[in-house]
């Protein structure tokens with residue numbers, strides 16, 4: 032599998048695979064895009080950076096928690112993101128995702 036620009040693969044455990052993506056968005060889209068990412072469920076961490084690549088906010092997320100519960104816990108962070116979005120024109124969002132590896136199927140020729 033080839034690597035895509037802006038995507039870095041990491042191994043965290045034998046049954047889990049994680050990778051990092053980086054997107055650039057307008058400050059006005061920050062809160063809405065963050066909500067979308069959280070609802071996807073496979074996002075482990077969000078790192079918000081300014082155009083100079085300085086970390087403004089790092090949001091660790093727990094996988095496997097119900098979306099409603101996550102939104103309740105993350106509401107203060109979303110309020111802070113809204114305040115930051117008013118001051119910033121563009122931000123970089125680094126998204127660390129995880130995915131469980133599918134169990135490898137046996138090779139049919141090994142029978």
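In our numbering, the protein residues as written are 32 to 142. Virtual Cβ for every residue (Gly too), placed ideally from N, Cα, C.
Secondary structure note for residue 67: its alpha helix (DSSP H) is the uninterrupted segment 61–71. Under the three-state reduction of DSSP output, residue 119 falls in the coil class, being neither helix nor strand. Residue pairing by DSSP places residue 79 opposite 88 and 124 in a beta bridge.
Apart from the 5 residues on each side of it in sequence, residue 58 sits with its Cβ closer than 8 Å to the Cβ of 115, 116, 117, 118, 119, 120, 121 and 122 in its chain, given in chain order.
Out of 113, 124 and 128, the CA that lies nearest to the CA of residue 83 is found in 124.
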